[in-house]
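Participant:
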Amino acid sequence: MQQVQAVVARAKGEPVELTTINVPDPGPGEAVVKIQACGVCHTDLHYREGGINDDFPFLLGHEASGTVESVGEGVTEVAPGDFVVLNWRAVCGECRACKRGEHKYCFATHNAEQKMTLEDGTELSPALGIGAFAEKTLVAAGQCTKVDPEARPAAVGLLGCGVMAGIGAAINTGAATRGRSVAVIGCGGVGVAAVAGAALAGSSPVIAVDIDAKKLEAAKANGATHTVDSSQVDPVEEIKRICAETYEGAEGADVVIEAVGRPETWKQAFYARDLAGVLVLVGVPTPDMTVPDLPLIDVFGRGGALKSSWYGDCLPSRDFPMLTDLYTSGRLDLDAFVSEEIGIGDVEAAFAKMHDGSVLRSVVIL
């Protein structure tokens, strides 16, 4: 066992604390990773606010890259010294989804068996089974995905959650490609990543919708061909107008990605689709939210598909190395998502910046 500094949320709504934790030596199937960079994600704030569950205290942080320090018995997929991006979906290989070859839908993903603790022995709940606002963390070896060690840690670490969720929502879930139009409602980190994914896939037009001018500028810088300020115009009608300019007869976008997670914007996304269009929900709603009232004939008559995108329907072992290679070759600008680099003691301040739209991602550098 070793002791390291880490960021812990002890109680609902209280400021996070930088404190000492105990990290066990890796057991069978586990790895200890020395963290190099970790993005500050809205999900970490949800944990602190009790929006995920009430298993306090939480060890926050999950959007991370680092170097494998040690591995436990039976680990073959990674070795000490490997540069990895952490994922929160170590696939089991044995469930019904894995057995039919759909590992990205694994129904039995897992984390480390042992628990990290506070100095007094209190067990910690690591965010998304990772807990990477820490100098070192313990994970299941399957949560470690090897990528190009020449890649910038602060940039590729973001593939561990938000950037992958957005790109995957566009490419994996929505099947954005050449000849298809895409609209993204909500341009935080995940929404801008969805814009980047649609642009990478060759979709056109790529329409970004938000009420914040700074977020719309970030979307434009990452591939949006059009921006829509939904505080000034009806976003549904504007999406329809833009798409009809490109494709004669279009009644909306082929793929509409809702990256907010609210009933109002989900309903906008539903009606902003073209006939047979796809709606992708990647924004995370709260448990009390419900699907808005819709005439069932509209659900039937418009056709298409209503989908949810969980982690961008990604398979980390396939997608992380591929996206890292696109980054290192200059085809995917992950650096654009790193708004600032901060210290491990600055997480609480980074949470505050989320509310003013001034950052896509603050990234803790260790």
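Heads up: the sequence shown begins at 1 in this note's numbering, then just goes up one per residue. We put the CB at the ideal spot given by N, CA and C, even for glycine.
Alpha carbon to alpha carbon, what distance is there between residue 363 and residue 40?
Facilitator: Answer to the nearest angstrom: the Cα atoms are 6 Å apart.
Participant: Do you know whose CA, among 254, 251, 232, 292, lies nearest residue 261's CA?
Facilitator: When each option's Cα is compared against that of residue 261, the closest is 292.
Participant: Could you give the DSSP three-state label for residue 136: helix, strand or coil?
Facilitator: The answer is strand: DSSP assigns residue 136 an E or B state.
Participant: When you compare each of 248, 5, 127 to residue 34 by their alpha carbons, which one comes out closest?
Facilitator: The option with the nearest alpha carbon to residue 34 is 5.
Participant: Compare the beta carbon distance of residue 124 and residue 136 with 9 Å and say whether it is the shorter of the two.
Facilitator: Not a contact, by the Cβ cut-off of 9 Å.
Participant: Kindly give me the distance between the Cβ atoms of residue 277 and residue 249, rounded to whole angstroms, as I take these residues to be in contact under 8 Å.
Facilitator: Between residue 249 and residue 277 the Cβ distance is about 13 Å, and since that is not below 8 Å, they are no contact.
Participant: Could you pull out every residue in the same chain whose Cβ sits closer than 8 Å to the Cβ of residue 57, ignoring the five residues on either side in sequence?
Facilitator: Cβ within range, chain order: 8, 9, 10, 11, 118, 122, 124, 125.
Participant: Around the Cβ of residue 355, are there at least 16 other Cβ atoms within 10 angstroms (buried) or fewer (exposed)?
Facilitator: Result: exposed.
Participant: With a cut-off of 8 Å on the beta carbons, I'd call residue 134 and residue 21 a contact; round off their distance for me.
Facilitator: The Cβ separation is near 7 Å, so the contact holds.
Participant: For residue 43, list the residues DSSP reports as bridge partners.
Facilitator: Paired residue(s): none; residue 43 is not in a bridge.
Participant: When the Cα atoms are used, what is the spatial distance from residue 290 to residue 266?
Facilitator: Looking at the two C-alpha atoms, the distance is approximately 10 Å.
Participant: Residue 185 bridges to which residues according to DSSP?
Facilitator: According to DSSP, residue 185 bridges with 209, 258.
Participant: What span of residues does the alpha helix (DSSP H) with residue 320 cover, start to end?
Facilitator: Residues 316-328.
Participant: In the DSSP assignment, find the unbroken alpha helix (DSSP H) run with residue 397 in it and report its ends.
Facilitator: For the chain, the structure presents residues 1 to 366; residue 397 sits outside this window and is missing.
Participant: Pull the bridge partners of residue 229 from the DSSP assignment, please.
Facilitator: Answer is 210.
Participant: For residue 360, which residues from the same chain have a beta carbon less than 7 Å from its beta carbon, with the 5 sequence-adjacent residues on both sides left out?
Facilitator: Taken in chain order, the residues that qualify are 189, 192, 218, 337, 339.
Participant: Determine whether the beta carbon atoms of residue 66 and residue 78 lie at a separation below 9 Å.
Facilitator: Not a contact, by the Cβ cut-off of 9 Å.
Participant: Which residues in the same chain as residue 176 place their Cβ atom closer than 6 Å to its Cβ, once the five residues preceding and following it in sequence are excluded?
Facilitator: Closer than 6 Å at the Cβ level, and outside the excluded window around residue 176, lie 170, 182, 198, 201, 203, 255.
Participant: Looking only at its own chain, which residues have a Cβ that is under 7 Å from the Cβ of residue 63, when we skip the five neighbours before and after it?
Facilitator: Here the set comprises 38, 39, 41, 157, 158, 160, 161, 162.
Participant: Residue 352 to residue 207, Cα distance in whole Å?
Facilitator: About 28 Å.
Participant: If you count every other CB in all the chains shown that lies within 10 Å of the CB of residue 367, and 16 or more means buried, which is it?
Facilitator: Here the chain comprises residues numbered 1 to 366, so residue 367 is not present and cannot be evaluated.
Participant: Give me whichever residues DSSP pairs with residue 368 in a beta bridge.
Facilitator: Beyond the ends of the chain as shown, which are 1 and 366, falls residue 368; an answer cannot be given.
Participant: In chain order, what residues of the same chain lie with their CB nearer than 7 Å to the CB of residue 92, ignoring the 5 residues before and after it?
Facilitator: 98, 106, 108, 109, 110.
Participant: Where does residue 25 sit, in a helix, a strand or coil, going by DSSP?
Facilitator: The answer is coil: DSSP assigns residue 25 none of H, G, I, E or B.
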